[in-house]
Amino acid sequence: MKTQRLLVKNCIDDIADSREELSRLFYRELFHLDINLKKVLPGNTVFLNRKFFNMLAALQNVKYLENIAESVVKLGERHLVKYGAQIEHFDTLKQALLKALAEHLGDRFTPELQAAWNGVFDDVARVMKQAMTASDRRAEARPLYDESTYDPNLLDEIGGEAGVYRVHERFYDVMFNHPWLGQFFFGKSEEVLITKQTQFMVAAFNGPNHYTGDTPAFVHMHMFITDEMADLRERILREAILDEGLSESIAERWLKVDQSYRSAIVKKSIDECVLKCVGQVPVTAEKPLNYEA
Ligand code: HEM
Ligand code: HEM
1 MKTQRLLVKN CIDDIADSRE ELSRLFYREL FHLDINLKKV LPGNTVFLNR
51 KFFNMLAALQ NVKYLENIAE SVVKLGERHL VKYGAQIEHF DTLKQALLKA
101 LAEHLGDRFT PELQAAWNGV FDDVARVMKQ AMTASDRRAE ARPLYDESTY
151 DPNLLDEIGG EAGVYRVHER FYDVMFNHPW LGQFFFGKSE EVLITKQTQF
201 MVAAFNGPNH YTGDTPAFVH MHMFITDEMA DLRERILREA ILDEGLSESI
251 AERWLKVDQS YRSAIVKKSI DECVLKCVGQ VPVTAEKPLN YEA
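Laid out in structure tokens, this is it:
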């Protein structure tokens, strides 16, 4: 078993320079097997590549799977709760990966190496899948195809993209200057966030998709955002919507869409933060003394 792990690790090292090509073959095969997976893995090549490389990095580190099992358990929980992955996707993903490797490596993909990839993937997938089945956070899992937030007229009623933008101008003015939540935005550009959040919400309201950023889960991965903070943010957003002259009913419908991203962002403890690079530390905000909502 240890030999298999070493074979896979060395293989990933060897293909480091041609990862993009392997990624292209992998996604071509994956979406060919199940086109619905585009809903779980949306985005352009840059974002898809990064996700694929993340997966390779995880598989490369299984040399000591027993030692890192706890973090693989958390990885499984994140896949269930935040990414919308489901148990049956693992088989499809493995099939696509093996096919891509076979095509990419040709003769170098010996039966021994194929068995090694198969075994290592199964080892990691087993731990992730167990965590997904056992997770006490199952109830929070994001439904794969969430049609409950489908509200085709909402964007028009808000006043299109320009209407969303105006609400976000009010919203981020309050957020950036807020004594508590404002701490998260230190050093960030208000204008950039207004634009990105507008593109994101316009797409979420079923309008055109000009958003090129990451998924909310990824963007906020290193931020320790509690339920209390998310409640407060929602109140600020509601006020911004109403202050812009929109109705209570529009505010309710807007917040319903907004809330569908909440479970991907809120964390129960700082340990759930995931750091994206060496040296990064979790970001959080201290509630100011004497703070009253
Ligand atoms: C052994 C199998 C797998 C491994 C080792 C793996 C590993 C990873 C890693 C390390 C990340 C980076 C983010 C993080 O650390 O939380 C990631 C992200 C992701 N994975 Fe997997 N994964 C596997 C299977 C799957 C499956 C079956 C799906 C569903 C089709 C999936 C969908 C995703 C998505 C959507 C993201 C992106 C999350 C985001 O950027 O918001 N993964 N994966
Ligand atoms: C209390 C809750 C939240 C806090 C404190 C927060 C904080 C932040 C911060 C600091 C950034 C800037 C990240 C960076 O530039 O590095 C950001 C970006 C963003 N957030 Fe949030 N956020 C919260 C909730 C949400 C929710 C619920 C959504 C989705 C509806 C959301 C969507 C976004 C988007 C789309 C971006 C832009 C990502 C990009 O730069 O590509 N956030 N957030």
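Take the sequence shown: its letters are residues 1 to 293, numbered as in my numbering.
Cβ coordinates follow ideal geometry from the N, Cα and C atoms, glycine included.
Less than 8 Å between the beta carbons of residue i and residue j, yes or no?
i: L328; j: L30; result: Nothing can be reported for residue 328: it is not among the residues displayed for the chain, which extend from 1 to 293.
i: I236; j: I250; result: no
i: K196; j: Y211; result: yes
i: L193; j: L232; result: no
i: N206; j: P152; result: yes
i: A131; j: E190; result: no
i: L65; j: V124; result: yes
i: A58; j: L80; result: no
i: T198; j: Y165; result: yes
i: C273; j: F224; result: yes
i: V120; j: A204; result: no
Using the C-alpha atoms, what's the distance from residue j back to residue i?
i: P111; j: K9; result: 16 Å
i: S269; j: A134; result: 19 Å
i: Q183; j: L33; result: 45 Å
i: L93; j: R50; result: 16 Å
i: G160; j: W254; result: 13 Å
i: P179; j: N290; result: 11 Å
i: F47; j: T3; result: 32 Å
i: D91; j: E169; result: 45 Å
i: E252; j: M128; result: 36 Å
i: D13; j: P282; result: 29 Å
i: T284; j: D271; result: 12 Å
i: L113; j: L97; result: 13 Å
i: F186; j: F176; result: 8 Å
i: L246; j: R238; result: 10 Å
i: Y261; j: R108; result: 43 Å
i: E228; j: S18; result: 45 Å
i: E70; j: R126; result: 13 Å
i: Q60; j: E244; result: 51 Å
i: A162; j: N209; result: 15 Å
i: T226; j: V174; result: 19 Å
i: A16; j: D156; result: 47 Å
i: N118; j: N44; result: 28 Å
i: L6; j: K63; result: 7 Å
i: L105; j: Q280; result: 35 Å
i: A230; j: Y27; result: 35 Å
i: K82; j: N54; result: 16 Å
i: K188; j: V72; result: 32 Å
i: A293; j: E286; result: 14 Å
Between residue i and chain D, is the shortest Cβ-Cβ distance under 8 Å, so that the two count as touching?
i: Q4; result: Looking at the structure shown, chain D is missing, and only one protein chain is on hand.
Less than 7 Å separating the Cβ of residue i from some heavy atom of ligand 4?
i: H32; result: Only ligand 1 and ligand 2 can be found as ligands here, which leaves ligand 4 out of the picture.
contact_flag[the stretch 252-271, the stretch 216-230] where n(CB pairs < 8 Å) is 3 or more: yes
Ranges of the alpha helix (DSSP H) found wholly within the stretch 36-66, counting only runs of at least 4: 37-40 and 45-60
Contact the stretch 11-26 vs the stretch 99-110: 3+ CB pairs below 8 Å: Cβ pair count under 8 Å is three or more, so yes.
Runs of alpha helix (DSSP H) wholly within the stretch 216-243 (minimum 4 residues, chain order): 216-219 and 227-243
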